[in-house]
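S.K.: My structure is below; once you've seen it, I'll send some questions.
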């Protein structure tokens, strides 16, 4: 193995066989925060997740609204539970004032029993208030109702007629206020609560009528005008009830008939207004209204809760379907894009370089294998575009190889013609040298001979660059010393070269001329890129790996990265590039080294 190594005294920027320049600063690397640098998978995920997230938010708001409605109806149903005890409390007070009017004695058992009923009804009302989910306003209204009726739960509330009427009227007003606070908190006001207020008004009017005629003591005197007014107030309340329930309702009809009878009784001077049985229709209406309110609010809460469950299920199903559909569509997009990407990378990194190598070696690259995407949409069109690029690149490589062959043939032709002319010139010069006796002219002829030899080396370089087969040799080898002297004879400033030939090996005949050419190029390079007043040394020595030839000059050297790039080019055999014309000697050395397995 023949090792050829060129050494410089000191690495420093300057001229050498090759030169590499880096233009511009470092490229700015894009950051992952920029959306345009995101992967396609992330962009598709973002495009899908945004509307899905928006739909999820809207669906959650819908479910939240349904749950809010359900909670509102449940709260209203809980709040309405205090109305039944209120109605019972008011009925107990109405009964108590009538009995207290009848039984004027403070220790009358019937009067005491009626007051106890009021106390019990008040206690039941308090328990209902504590159990119900009332708002702050409703609790305040309930407390006000209970506090205002404190005298009614004691005997002092029945001392006089005016006090009893005032206490009942005050309790009626507090009851209406409590009903109003419940209505205000409802999402959709319940009309039956207003109807309940009308029923309470009618019942209170009836209680005041019975209170007016209840006194049975001596000097009994009834204010017929006020009594008739209460009968008229009850009739007005009954009309309001009829406006909601209709005149055909049995209880409404019963109340109208009863009110008409009471009006006749009052007009005729009678005092019998029906007693406790007269409240039956009002009690049925109150019970029915409260039951209907409870049922409607409970049904509304159940409906809202069911709607929330249904909406939740629908939203989740829609989101799940949307996500699955989006994932499927994304997969339909990403899978062919991935195949196109992998196919394009395979074409760029494997198929096309392999085809180019085959073409340059003179072989047939075969048919272009299309990328495995067979759809007709945009991604499939992209795959066909890559296939077209691949095909055109192969065609271009074929044309380039054909052009390189033609250029190589031109080089070979030019080299042969030049060599033929140079050989003729050398023959003529040798003839002139034999006949010339003038020393100065003979020296000039020697210079012409040397120049012609250099021209023949240039012609041989054209053959090497054209990858033409080497010229046949006579098979005789040369010693290393002969190789070095032959190489030195081919350079211009051969007087500056010092040879130290210690190796005794021989170079085979088939490689001798190429090795001479290589050493000549290296010595010529050393002379060209070193000061003219310095010497160039060519040293040979035997190593375990073969013969090592060192060409040592005093040039400026090269940058480390340029040094590595040129060594890589020498190791690979070189390639024709725009720099070839300026570094033709480097390419010639690389080609010859590759041809004979020489390390440079």
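Numbering (our numbering), first residue to last: 4 to 603.
Think of the CB as a built atom: it goes at the ideal place given N, C-alpha and C, for glycine as much as any other residue.
Could you give the C-beta distance for residue 586 and residue 467, rounded to a whole number, given that I count them as a contact under 8 Å?
M.R.: In fact, because the Cβ distance is near 14 Å, the residues do not count as touching under 8 Å.
S.K.: Label residue 313 either buried or exposed according to how many other C-beta atoms from any shown protein chain fall within 10 Å of its C-beta, with 16 as the threshold for buried.
M.R.: Burial call: exposed.
S.K.: Residue 305: which of 287, 78, 45, 551 sits nearest, CA to CA?
M.R.: Residue 78 is the option with its Cα nearest to residue 305.
S.K.: What are the boundary residues of the alpha helix (DSSP H) that residue 202 is part of?
M.R.: 194-216 is the extent of the alpha helix (DSSP H) around residue 202.
S.K.: Count the C-beta pairs between the segment 508-516 and the segment 449-456 that are closer than 8 Å, then say yes if the count reaches three, no if not.
M.R.: The answer is no - the segment 449-456 does not touch the segment 508-516, with fewer than three Cβ pairs under 8 Å.
S.K.: Looking only at DSSP bridge pairs, what is residue 503 linked to?
M.R.: Paired residue(s): 542.
S.K.: What does the alpha-carbon distance come out to for the pair residue 164 and residue 132?
M.R.: The alpha-carbon atoms of residue 164 and residue 132 are separated by roughly 30 Å.
S.K.: Whole-angstrom Cβ separation of residue 206 and residue 92, contact assumed at under 8 Å?
M.R.: That belief does not hold up - the Cβ atoms of residue 206 and residue 92 are roughly 12 Å apart, past 8 Å.
S.K.: Count Cβ pairs between the segment 257-264 and the segment 274-290 that sit closer than 8 Å; are there 3 or more?
M.R.: Cβ pair count under 8 Å is three or more, so yes.
S.K.: State the CB to CB distance for the pair residue 177 and residue 148, rounded to an integer number of angstroms; the pair is presumed to be in contact (CB under 8 Å).
M.R.: That pair is a contact at about 4 Å.
S.K.: Could you name the residues of the same chain whose beta carbon sits closer than 7 Å to that of residue 22, not counting the 5 residues immediately before and after it, in chain order?
M.R.: Reliability fails at residue 22, whose pLDDT of 36 lies under 50, so the model's placement of it is uncertain and no value is given.
S.K.: To the nearest angstrom, how far is it from the Cα of residue 320 to the Cα of residue 189?
M.R.: So the alpha carbons of these two residues sit roughly 32 Å apart.
S.K.: Taking the continuous beta strand (DSSP E) assigned at residue 367, which residues delimit it?
M.R.: First-last for residue 367: undefined, no H or E at that position.
S.K.: Determine the direct distance from the alpha carbon of residue 589 to that of residue 351, and round the result to whole angstroms.
M.R.: Rounded to whole angstroms, residue 351 to residue 589 spans 29 Å at the Cα level.
S.K.: Starting from the Cα of residue 54, find the closest Cα among 329, 170, 346, 124 and give me that residue.
M.R.: Out of 329, 170, 346, 124, 329 has the C-alpha closest to the C-alpha of residue 54.
S.K.: What three-state label does DSSP hand residue 338 in the structure shown?
M.R.: Three-state DSSP puts residue 338 in a helix.
S.K.: Would the segment 521-534 and the segment 483-499 be scored as touching if the rule is three or more Cβ pairs under 8 Å?
M.R.: The answer is yes - the segment 483-499 touches the segment 521-534, with three or more Cβ pairs under 8 Å.
S.K.: Can you tell me whether DSSP reads residue 480 as helix, strand or coil?
M.R.: The answer is coil: DSSP assigns residue 480 none of H, G, I, E or B.
S.K.: With three or more beta-carbon pairs closer than 8 Å as the criterion, would you say the segment 149-156 touches the segment 62-72?
M.R.: No: fewer than three Cβ pairs fall under 8 Å.
S.K.: Just tell me which of 598, 413, 202 has its CA closest to the CA of residue 94.
M.R.: Here the closest residue by C-alpha is 202.
S.K.: DSSP state of residue 91, grouped into three classes?
M.R.: Helix.
S.K.: With a cut-off of 8 Å on the beta carbons, I'd call residue 141 and residue 82 a contact; round off their distance for me.
M.R.: Yes, they are in contact, since the Cβ atoms of residue 141 and residue 82 sit about 6 Å apart, within 8 Å.
S.K.: Residue 448: which of 460, 116, 432 sits nearest, CA to CA?
M.R.: The shortest Cα separation from residue 448 among 460, 116, 432 belongs to 432.
S.K.: Can you give me the start and stop residues for the beta strand (DSSP E) that residue 549 sits inside?
M.R.: Residues 549-556.
S.K.: Would you call residue 548 buried or exposed, if buried means 16 or more other Cβ atoms sit within 10 Å of its Cβ?
M.R.: Per the 10 Å Cβ criterion, exposed.
S.K.: Would you report the Cα separation of residue 323 and residue 126, rounded to the nearest angstrom?
M.R.: Answer to the nearest angstrom: the Cα atoms are 55 Å apart.
S.K.: Should residue 212 and residue 228 be called a contact, given that it needs their Cβ atoms to be closer than 8 Å?
M.R.: No. Outside cutoff.
S.K.: Could you name the residues of the same chain whose beta carbon sits closer than 6 Å to that of residue 596, not counting the 5 residues immediately before and after it, in chain order?
M.R.: Same-chain partners within the cutoff: 603.
S.K.: Report the partner residues of residue 509 according to the DSSP bridge assignment.
M.R.: Looking at the DSSP assignment, residue 509 forms a beta bridge with 482.
S.K.: Specify the secondary structure class of residue 226 as computed by DSSP and reduced to three states.
M.R.: DSSP places residue 226 in coil when its eight states are reduced to three.
S.K.: Have a look at residue 237 and residue 179 and give me their C-alpha separation to the nearest angstrom.
M.R.: When rounded, the distance between both Cα atoms is 16 Å.
S.K.: On the criterion of 16 or more Cβ atoms from any shown chain inside 10 Å, does residue 11 qualify as buried, or is it exposed?
M.R.: With a pLDDT of 44 at residue 11, under the threshold of 50, the predicted position of this residue should be treated as unreliable, though the coordinate-derived value follows. By the 10 Å Cβ count, residue 11 comes out buried.
S.K.: What are the boundary residues of the alpha helix (DSSP H) that includes residue 149?
M.R.: Where residue 149 is concerned, the enclosing alpha helix (DSSP H) stretches over 139-151.
S.K.: Exposed or buried, what is residue 222 when buried is set at 16 or more other beta-carbons lying within 10 Å of its beta-carbon?
M.R.: Any answer about residue 222 is weak, because its pLDDT of 47 lies below 50 and its placement is not dependable; what the coordinates show is given next. Answer is exposed; the Cβ neighbour count stays below 16.
S.K.: Under a Cβ-count criterion, where at least 16 other Cβ atoms within 10 Å of its own Cβ denotes burial, should residue 276 be classed as buried or exposed?
M.R.: The residue in question, residue 276, is buried, as its Cβ has 16 or more Cβ neighbours within 10 Å.
S.K.: I need the straight-line Cα distance from residue 416 to residue 554, nearest angstrom please.
M.R.: About 33 Å.
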